[in-house]
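Engineer: Structure below; questions to follow.
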Ligand SMILES: Cc1cc2nc3c(=O)[nH]c(=O)nc-3n(C[C@H](O)[C@H](O)[C@H](O)COP(=O)(O)OP(=O)(O)OC[C@H]3O[C@@H](n4cnc5c(N)ncnc54)[C@H](O)[C@@H]3O)c2cc1C
Ligand SMILES: Cc1cc2nc3c(=O)[nH]c(=O)nc-3n(C[C@H](O)[C@H](O)[C@H](O)COP(=O)(O)O)c2cc1C
Ligand code: FES
């Protein structure tokens, strides 16, 4: 349902990423998201980066609306609605490896906290790594990968995942991040015979499963997802290949 | 037991997916057909691609939803691909919107080519300037659009009406007089949501349309009023979430019904559930077909 909340804490995660905390009593599970709005911006989807009574969103400034959110400070109000979507099912495997790519790390952080599983944070450079302090606190083991090797493993998160899978017998991978990363994680899971749950993104308007604009094949990302199982993903022809714009026209990724 | 007909068009099941809900892509229309819908009405399609209004476009309110999507659609040319996927799997009704009789005729001809079983003219969207309700509240204009489309295509032509008028029955009669094959009632009620904390309207378009449980009794009344003056079939829509809601529309005079908002929370399985419950009700109360129930509340 829709609500007004007041920002009670702001945390700078990186040069382009901020976390905004607010108190909201609605029950939410790791992996769910909300729709966020203040006057002067478009309403946009944001994952919950904390899911207890104090909740938060972690926003990477990439365009007009996310930059508008970055102007907010303690005491400012947000109009939010949700929580929406299916979250991660943390009961599906005993040995879990959780992977967050870029700002996708925010969406898996509550799952890391709840499961205490091993985790990987992947980023382009050491400047782009977010929430590693929380990761170290909550995960059993936390590893970091950067594309340029400026922090942790030199390479991408999928390469590091393959290494860690060879060392430990994980049963399931849980991940959120850019679709290209998720695509290669999915391919690796098929090859290595691992289960997975991946959190996907599409352009959202209603967020509530009614307008149909966020579909991947016949699945609504906002309602049937955003977290999808390996079996669901195996049936998707659009995954890693194409998405739709605001008009519903197909846009190819490659 | 559940078969019904809207004029010459036969449906195996009386429930259809309303325009604008899970019907913008071929794959999602197929999913809805496989979930027990008798037909799917497409998202309203125009001549050109349209991104719709900017977000915020939607919110929950007490009694339902208020939306101002602004008719987003990929345009009639690109919609061919979606129709190619959906049409072989069941009955697809092509919903179309335009600014003139000429627009509507062009769109209807193309929908017929794509294999639509009927066209539904959107004369009722409350939040798109120059379209929808702005045309659909003038009986003369409605008559001229319907007769133009009738002479352009062979498939049935339905007109979807707005409840935001005091001359609903005059508009219904205009559709009938122009040769329209059915009327669909109702589209959303024009509505507005203000955020007190920001002292501003919430929707980017300011105005939107209310749908869901809160409009059901308005819709049932609208169908009853239309049923009192029309001989052509009526399709009922607005706030239907279970068999009792659907039965009210049928008894008010609807030969079939459509469901929109309730799909959000109940999911596509809502059609199967209503189908099963409706059969049970019909057996218990001695109705042997849907057509036996149509308009019985008038007697
Ligand atoms: C379920 C979900 C969870 C998300 N969680 C987070 C999060 O925790 N942190 C975060 O920083 N970002 C998150 N995002 C992405 C975030 O919504 C976009 O970055 C934001 O909408 C960009 O808006 P903008 O105006 O700043 O940029 P714009 O310049 O308008 O857009 C930049 C890109 O953002 C995406 N985008 C824009 N509008 C939307 C929309 N309505 N729905 C989906 N994507 C859109 C598009 O890919 C677009 O190309 C999430 C997206 C989804 C779908
Ligand atoms: C998100 C949304 C989008 C809609 N889009 C359209 C549309 O494109 N064309 C149309 O004729 N009606 C549209 N409608 C109206 C519905 O088809 C229907 O008439 C109305 O919502 C009432 O039914 P309901 O209460 O079952 O939702 C839309 C409704 C909603 C909620
Ligand atoms: S955003 Fe409307 S159905 Fe997902």
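Residue numbers (the numbering used here), protein chains in the order written: chain A, 1 to 254; chain B, 255 to 553.
Glycine included, every Cβ here is placed at the ideal spot set by N, Cα and C.
If you reduce the DSSP assignment to three classes, tell me which class residue 49 of chain A lands in.
Structural biologist: Within the first chain, residue 49 of chain A is the residue found at index 49, counting from 1. If DSSP states are grouped into helix, strand and coil, residue 49 of chain A belongs with the strands.
Engineer: Does the beta-carbon of residue 550 of chain B have 16 or more other beta-carbons within 10 angstroms, so that it is buried, or is it exposed?
Structural biologist: Your numbering for residue 550 of chain B matches position 296 in the second chain. Looking at its Cβ environment, which holds fewer than 16 other Cβ atoms inside 10 Å, residue 550 of chain B is exposed.
Engineer: Where in the region 93-166 of chain A do unbroken runs of the beta strand (DSSP E), each at least 3 residues long, occur, reported from the N-terminal end onward?
Structural biologist: Those beta strand (DSSP E) runs which fall completely within the region 93-166 of chain A and span 3+ residues are 96-101, 118-123, 142-146.
Engineer: Can residue 44 of chain A and residue 22 of chain A be called in contact, C-beta distance under 7 Å?
Structural biologist: Translated into positions along the first chain, residue 44 of chain A becomes position 44. Translated into positions along the first chain, residue 22 of chain A becomes position 22. Not closer than 7 Å, so no.
Engineer: Pull up the CB-CB distance for residue 367 of chain B and residue 347 of chain B, whole angstroms please, since I reckon it's below 8 Å.
Structural biologist: Stepping through the second chain from its first residue, residue 367 of chain B is reached at position 113. Stepping through the second chain from its first residue, residue 347 of chain B is reached at position 93. About 15 Å; that fails the 8 Å criterion.
Engineer: Nearest to residue 463 of chain B by alpha carbon, out of B/518, B/499, B/397, B/381?
Structural biologist: Locating residue 463 of chain B in the second chain gives position 209, counting from the first residue. Per the Cα distances, B/381.
Engineer: Just mark residue 421 of chain B as buried or exposed, buried being the case when its beta carbon has 16 or more other beta carbons within 10 Å.
Structural biologist: What you label residue 421 of chain B is simply residue 167 of the second chain in a count that begins at 1. The residue in question, residue 421 of chain B, is exposed, as its Cβ has fewer than 16 Cβ neighbours within 10 Å.
Engineer: Between the C-alpha atoms of residue 201 of chain A and residue 185 of chain A, what's the straight-line distance to the nearest angstrom?
Structural biologist: Along the first chain, one-based indexing puts residue 201 of chain A at 201. Along the first chain, one-based indexing puts residue 185 of chain A at 185. Rounded to the nearest angstrom, the two C-alpha atoms are 15 Å apart.
Engineer: Alpha carbons only, please: which of B/450, B/534, B/477, B/469 is nearest the one belonging to residue 39 of chain A?
Structural biologist: Reading the first chain from its first residue, position 39 is the one you call residue 39 of chain A. Nearest to residue 39 of chain A by C-alpha distance, out of B/450, B/534, B/477, B/469, is B/450.
Engineer: Return helix, strand or coil for residue 497 of chain B, following the three-state DSSP convention.
Structural biologist: Here the question's residue 497 of chain B lines up with position 243 in the second chain. Here residue 497 of chain B sits in helix by DSSP.
Engineer: Give me the residue from A/35, A/11, A/24, A/46 with the minimum Cα distance to residue 81 of chain A.
Structural biologist: As a first step, residue 81 of chain A is located in the first chain; it is residue number 81 there, counting from the start. Checked all of A/35, A/11, A/24, A/46; the closest Cα to residue 81 of chain A is A/35.
Engineer: Which complete beta strand (DSSP E) runs does the region 341-412 of chain B hold, if anything under 3 residues is left out?
Structural biologist: 346-350, 372-376
Engineer: Name the two residues that bound the continuous beta strand (DSSP E) containing residue 211 of chain A.
Structural biologist: Here residue 211 of chain A corresponds to residue number 211 of the first chain, with the count starting at 1. Neither: residue 211 of chain A is in no beta strand (DSSP E) and is coded neither H nor E.
Engineer: Is residue 121 of chain A buried or exposed, if buried means 16 or more other CB atoms sit within 10 Å of its CB?
Structural biologist: The residue labelled residue 121 of chain A in the question sits at position 121 within the first chain. Under this definition residue 121 of chain A is a buried residue.
Engineer: Just reading off the beta strand (DSSP E) that residue 314 of chain B is part of, what are its end residues?
Structural biologist: Here residue 314 of chain B is taken as the residue at index 60 of the second chain, counted from 1. According to the DSSP assignment, residue 314 of chain B belongs to the beta strand (DSSP E) that extends over 312-315.
Engineer: Over the uninterrupted alpha helix (DSSP H) stretch that includes residue 472 of chain B, give me the two end residues.
Structural biologist: Counting from 1 along the second chain, the entry for residue 472 of chain B is found at position 218. Start and end: 470-483.
Engineer: Below 9 Å between beta carbons is the criterion; list the residues of the region 196-214 of chain A that meet it against any residue of chain B, in chain order.
Structural biologist: 204, 205, 206, 207, 208, 209, 210, 211, 212, 213
Engineer: So, at 6 Å on beta carbons, what are the nonlocal neighbours of residue 336 of chain B in its own chain, with the 5 sequence-adjacent residues on each side left out?
Structural biologist: Locating residue 336 of chain B in the second chain gives position 82, where the first residue counts as 1. Cβ neighbours of residue 336 of chain B beyond the five flanking positions: 279, 280.
Engineer: Do residue 548 of chain B and residue 509 of chain B come within 7 Å of each other at the CB atom, strictly closer than that value?
Structural biologist: Counting from one through the second chain, the residue named residue 509 of chain B turns up at place 255. Counting from one through the second chain, the residue named residue 548 of chain B turns up at place 294. Closer than 7 Å, so yes.
Engineer: Is there at least one Cβ from chain A nearer than 7 Å to residue 275 of chain B's Cβ?
Structural biologist: As a first step, residue 275 of chain B must be located in the second chain, where it is residue number 21. Answer yes: the Cβ-Cβ gap between residue 275 of chain B and chain A drops below 7 Å somewhere.
Engineer: In the structure shown, what three-state DSSP assignment does residue 199 of chain A receive?
Structural biologist: Counted from its first residue, the first chain places residue 199 of chain A at position 199. Looking at residue 199 of chain A - three-state DSSP - the assignment turns out to be strand.
Engineer: Output yes if chain B places a C-beta closer than 7 Å to the C-beta of residue 24 of chain A; else output no.
Structural biologist: In the first chain, counting from the first residue as 1, residue 24 of chain A sits at position 24. So no, residue 24 of chain A is outside the interface.
Engineer: Roughly how many angstroms lie between the CA atoms of residue 217 of chain A and residue 270 of chain B, to the nearest whole one?
Structural biologist: Translated into positions along the first chain, residue 217 of chain A becomes position 217. Translated into positions along the second chain, residue 270 of chain B becomes position 16. One Cα belongs to residue 217 of chain A, the other to residue 270 of chain B, and the distance between them is close to 21 Å.
Engineer: May I ask you to check if the CB of residue 220 of chain A is nearer than 6 Å to at least one heavy atom of ligand 3?
Structural biologist: Looking up residue 220 of chain A in the first chain gives position 220. Result yes, Cβ under 6 Å from ligand 3.
Engineer: Whole-angstrom Cβ separation of residue 276 of chain B and residue 517 of chain B, contact assumed at under 8 Å?
Structural biologist: The sequence position of residue 276 of chain B within the second chain is 22, counting from 1. The sequence position of residue 517 of chain B within the second chain is 263, counting from 1. Indeed they touch by this definition, with Cβ atoms about 6 Å apart.
Engineer: Looking only at C-alpha atoms, which of A/126, A/132, A/137 sits nearest to residue 116 of chain A?
Structural biologist: Your numbering for residue 116 of chain A matches position 116 in the first chain. The candidate whose alpha carbon is nearest that of residue 116 of chain A is A/137.
Engineer: Going by DSSP, what residues sit across from residue 58 of chain A in a beta bridge?
Structural biologist: Position 58 of the first chain, counted from the start, is the residue given in the question as residue 58 of chain A. Paired residue(s): A/19.
Engineer: Distance check for residue 505 of chain B and residue 552 of chain B, CA to CA, integer angstroms please.
Structural biologist: Taking the second chain and counting its residues from 1, the one referred to as residue 552 of chain B is at position 298. Taking the second chain and counting its residues from 1, the one referred to as residue 505 of chain B is at position 251. Cα-Cα distance, rounded: 8 Å.
Engineer: For the candidate residues A/87, A/5, A/30, whose alpha-carbon lies nearest to that of residue 74 of chain A?
Structural biologist: The sequence position of residue 74 of chain A within the first chain is 74, counting from 1. Closest by alpha carbon: A/5.
Engineer: Determine, for residue 79 of chain A, whether the minimum Cβ-Cβ distance to residues of chain B falls below 7 Å.
Structural biologist: If you number the first chain from 1, residue 79 of chain A lands on position 79. Yes, residue 79 of chain A counts as interfacial toward chain B.
Engineer: If you run the structure through DSSP and keep just helix, strand and coil, what is residue 558 of chain B?
Structural biologist: Nothing can be reported for residue 558 of chain B, as the shown portion of chain B is limited to 255 through 553.
Engineer: Following the continuous beta strand (DSSP E) through residue 243 of chain A, name the residue where it begins and the one where it ends.
Structural biologist: On the first chain, residue 243 of chain A is found 243 positions in, with the first residue counted as 1. It spans 242-244 - the beta strand (DSSP E) in which residue 243 of chain A sits, taken as one unbroken run.
Engineer: Pick helix, strand or coil for residue 175 of chain A, following the three-state DSSP scheme.
Structural biologist: Numbered from its first residue, the first chain carries residue 175 of chain A at position 175. Strand.
Engineer: Would you check if the distance between the CB atom of residue 426 of chain B and the CB atom of residue 411 of chain B is smaller than 7 Å?
Structural biologist: Residue 426 of chain B sits at position 172 when you count from the first residue of the second chain. Residue 411 of chain B sits at position 157 when you count from the first residue of the second chain. The Cβ atoms of residue 426 of chain B and residue 411 of chain B lie no closer than 7 Å to each other.
Engineer: Quick one: does the C-beta of residue 255 of chain B sit closer than 6 Å to a heavy atom of ligand 1?
Structural biologist: For this step, residue 255 of chain B is matched to residue 1 along the second chain. Because no heavy atom of ligand 1 lies under 6 Å away, the Cβ of residue 255 of chain B does not count as near it: no.
Engineer: For residue 415 of chain B, does the three-state DSSP call read helix, strand or coil?
Structural biologist: Numbered from 1 along the second chain, position 161 holds the residue referred to as residue 415 of chain B. Residue 415 of chain B: strand per DSSP, three-state reduction.
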